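**Q**
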Amino acid sequence: MKKSRLIVISLILLVAVVGGYFGFKNWSNLSQQPNIGAQSKTETTKTTTATLAAIGDVLLHDRVYENAHVGNQKYNFNPYFANVKELIGKSDITMANQESMVGGVEDGLSSYPTFNSPIEIGETLKDCGVDIVSIANNHTLDKGSRGVLKGTDNWDRLGMLYTGAFRSQDDRAIIRTIEKNGIKFSFLAYTYGTNGIPVPQGKDYLVNLIGDGSQIKKDITEARKISDVVVVSLHFGNEYQRQPSVEQKNLVKELAENGADIIMGHHPHVLQPATWITRSNGEKVFVAYSLGNFISGQRWDYKDIGGIMRITVEKTVTGDQKKIELKDPAFIPTFVNGQYHVSPLANVREKDTFYNKIEQHMKSLMPELKFGF
Numbered sequence: 021m022k023k024s025r026l027i028v029i030s031l032i033l034l035v036a037v038v039g040g041y042f043g044f045k046n047w048s049n050l051s052q053q054p055n056i057g058a059q060s061k062t063e064t065t066k067t068t069t070a071t072l073a074a075i076g077d078v079l080l081h082d083r084v085y086e087n088a089h090v091g092n093q094k095y096n097f098n099p100y101f102a103n104v105k106e107l108i109g110k111s112d113i114t115m116a117n118q119e120s121m122v123g124g125v126e127d128g129l130s131s132y133p134t135f136n137s138p139i140e141i142g143e144t145l146k147d148c149g150v151d152i153v154s155i156a157n158n159h160t161l162d163k164g165s166r167g168v169l170k171g172t173d174n175w176d177r178l179g180m181l182y183t184g185a186f187r188s189q190d191d192r193a194i195i196r197t198i199e200k201n202g203i204k205f206s207f208l209a210y211t212y213g214t215n216g217i218p219v220p221q222g223k224d225y226l227v228n229l230i231g232d233g234s235q236i237k238k239d240i241t242e243a244r245k246i247s248d249v250v251v252v253s254l255h256f257g258n259e260y261q262r263q264p265s266v267e268q269k270n271l272v273k274e275l276a277e278n279g280a281d282i283i284m285g286h287h288p289h290v291l292q293p294a295t296w297i298t299r300s301n302g303e304k305v306f307v308a309y310s311l312g313n314f315i316s317g318q319r320w321d322y323k324d325i326g327g328i329m330r331i332t333v334e335k336t337v338t339g340d341q342k343k344i345e346l347k348d349p350a351f352i353p354t355f356v357n358g359q360y361h362v363s364p365l366a367n368v369r370e371k372d373t374f375y376n377k378i379e380q381h382m383k384s385l386m387p388e389l390k391f392g393f
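Residues 21 to 393 in my numbering are what the sequence shown lists, from first letter to last.
1. Do the segment 129-144 and the segment 185-197 make contact, defined as three or more Cβ pairs closer than 8 Å?
2. Compare the C-alpha of Ile152 against each of Val125, Pro138, Ile108 and name the closest.
3. How long is the line joining the alpha carbons of Ser417 and Ala74, rounded to whole angstroms?
4. Please report how far the alpha carbon of Gln261 lies from the alpha carbon of Glu267, in whole angstroms.
5. For Phe411, which option in Gly124, Ile141, Thr69 has the closest C-alpha, if you only look at C-alpha atoms?
6. Using 8 Å as the threshold, is the segment 290-307 in touch with the segment 354-374, meaning 3 or more CB pairs across them?
7. Given Tyr41, which residues of its chain have a CB within under 6 Å of its CB, disregarding the five upstream and five downstream residues?
8. For the alpha helix (DSSP H) containing Tyr322, name the first residue and the last one.
9. How is the alpha helix (DSSP H) around Asn174 delimited, first residue to last?
10. Kindly indicate the opening and closing residues of the alpha helix (DSSP H) around Gln263.
11. I need the DSSP call for Ser154, collapsed to helix, strand or coil.
12. Starting from the N-terminal side, write out each stretch of the beta strand (DSSP E) that is 3 residues or longer and does not extend beyond the segment 81-132.
13. Would you be able to state if there are at least three C-beta pairs under 8 Å between the segment 316-335 and the segment 350-364?
14. Is Val150 closer than 9 Å to Ser206 when the C-beta atoms are compared?
15. Between the segment 309-316 and the segment 283-294, can you find at least three pairs of beta-carbon atoms closer than 8 Å?
16. Evaluate the contact criterion for the segment 162-180 versus the segment 210-229: three or more CB pairs, one atom per stretch, below 8 Å.
17. For Asn174, does the count of other Cβ atoms within 10 angstroms reach 16, so buried, or fall short, so exposed?
18. Taking the beta carbon of Glu119 as the centre, do at least 16 other beta carbons fall within 10 Å, making it buried, or is it exposed?
19. Hey, out of Val125, Leu169, Asp77, whose CA is closest to Gln93's CA?
20. Buried or exposed for Asn376, going by 16 or more other Cβ atoms inside 10 Å?
21. Just list the residues that DSSP pairs Thr71 with in beta bridges.
22. May I ask which residues mark the beginning and end of the alpha helix (DSSP H) holding Gly142?
23. Tell me, which residues are paired with Ser310 by DSSP?
24. Thinking C-alpha only, which one of Ile194, Leu79, Ala193 is nearest Ser137?
25. Note down, in chain order, each residue of its chain lying with its Cβ closer than 7 Å to the Cβ of Glu345, except the 5 sequence neighbours on either side.
26. Which two residues bound the contiguous alpha helix (DSSP H) that contains Arg369?
27. In chain order, what are the residue ranges of uninterrupted alpha helix (DSSP H) at least 4 long that sit wholly in the segment 185-225?
28. Going straight from the alpha carbon of Ile194 to that of Thr336, what length do you get?
29. Is DSSP giving His381 helix, strand or coil here?
30. When burial is assigned at 16 or more other CB atoms within 10 Å of the CB, is Gly216 buried or exposed?
31. Measuring straight from C-alpha to C-alpha, what distance separates Arg244 and Gly279?
32. Taking its Cβ as the centre, do 16 or more other Cβ atoms sit within 10 Å of Gln292, making it buried, or is it exposed?
33. Within the continuous beta strand (DSSP E) that includes Ala350, where are the two ends?
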């Protein structure tokens with residue numbers, strides 16, 4: 021009897037030991053298996069958009085600012101922009117090409133060939149919703165170093181960002197950026213020259229020159245480190261020519277390949293078409309070769325037609341991956357009348373003569389360019 025009891029106890033212990041062994045082995049195997057649920061967790065995707073608009077040359081001939089004189093050396097340009105104010109401010113960010121320096125009345129107002137404009141034009145641009153001005157152009161040095169220093173001081177006083185001409189090397193080293201809807205834009209600007217006026221020795225910061233393009237490429241590289249989108253303003257091309265030159269085409273291709281995302285052109289004083297440039301990696305770059313005159317004293321032969329160009333930037337972030345896409349390019353042509361009031365071309369009496377021609381012209385390299393927004 022005692023022997024039978026010992027046999028039973030031994031069997032129970034054996035079962036317990038064997039069962040424990042296999043139980044431990046199974047638990048060990050399970051603990052080493054990957055967490056399938058954690059691995060299959062989907063990374064979240066976030067998409068945001070921002071719109072960037074640009075207007076062409078703001079070039080104040082004497083007849084333009086004299087017509088805006090309200091007495092006591094004061095000027096009011098607001099009526100000139102009343103018909104387009106809402107359109108200018110409709111985008112998330114708006115940039116303008118301020119072609120005449122805003123030294124103000126203290127330095128003596130002047131017109132062609134050496135310009136100096138009232139500071140009130142800056143007040144009007146800001147009131148309309150302009151966020152940043154390009155001041156790199158062939159008239160940047162019209163009043164020498166003092167003109168640049170006074171002009172940049174005035175832009176600072178107005179609280180308006182500027183780029184392309186600077187008061188010092190330290191000022192130039194600060195890349196201008198604007199962030200909207202989680203998308204950060206950098207702004208750079210350059211000109212082909214300064215009408216034969218030499219840049220003072222040791223003061224290259226006074227104006228950004230296109231030169232051989234090497235400095236632009238360096239600046240683009242630095243801008244890409246701190247932003248999602250690099251916008252380059254180029255003062256280039258041939259005056260009054262409605263098609264881009266070979267030199268313009270070659271330069272934008274080179275800069276696009278080196279990281280420029282959006283290129284806005286100025287200087288011809290007439291509209292030149294918009295187009296896409298495709299980088300070797302397949303990414304699209306938006307180019308407007310020339311936005312024409314937005315407001316100036318120049319008339320006829322398409323010199324009184326400009327416009328507002330807009331492009332939408334879409335940013336998609338998935339995990340640590342980022343994708344930038346440019347889409348929905350749109351354009352609103354504008355017209356400057358004899359009293360220097362700017363209006364949408366579609367609203368003016370003379371529209372039937374020009375509107376269809378301008379639409380065909382601007383779409384010639386980009387059929388999908390939308391007119392209106």
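All C-beta atoms, glycine included, are put in the ideal place defined by N, C-alpha and C.
A quick note: this is a predicted structure, and the numbers were derived from the prediction, not measured.
**A** Well, looking at it:
1. no
2. Checked all of Val125, Pro138, Ile108; the closest Cα to Ile152 is Ile108.
3. Nothing in the structure corresponds to residue 417, since the chain is present only between 21 and 393.
4. 13 Å
5. Given a span of 21 to 393 for the chain in the structure shown, any question on residue 411 remains unanswerable.
6. no
7. With a pLDDT of 44 at Tyr41, under the threshold of 50, the predicted position of this residue should be treated as unreliable, though the coordinate-derived value follows. Answer for Tyr41: no residue qualifies.
8. For Tyr322, there is no enclosing alpha helix (DSSP H), as DSSP marks it with neither H nor E.
9. 164-178
10. Note, Gln263: premise wrong, no alpha helix (DSSP H); not H, not E.
11. strand
12. You should have 89-91, 113-118.
13. yes
14. no
15. yes
16. yes
17. buried
18. buried
19. Val125
20. exposed
21. Answer is Thr332.
22. 140-148
23. Beta-bridge partners of Ser310 (DSSP): Gln292.
24. Leu79
25. Glu334
26. From DSSP, Arg369 is part of no alpha helix (DSSP H); its letter is neither H nor E.
27. Within the segment 185-225, the complete alpha helix (DSSP H) segments at least 4 residues long are 189-193, listed from N- to C-terminus.
28. 27 Å
29. In this structure, His381 counts as helix in the three-state DSSP scheme.
30. exposed
31. 7 Å
32. buried
33. Run containing Ala350: 341-356, per the beta strand (DSSP E) assignment.
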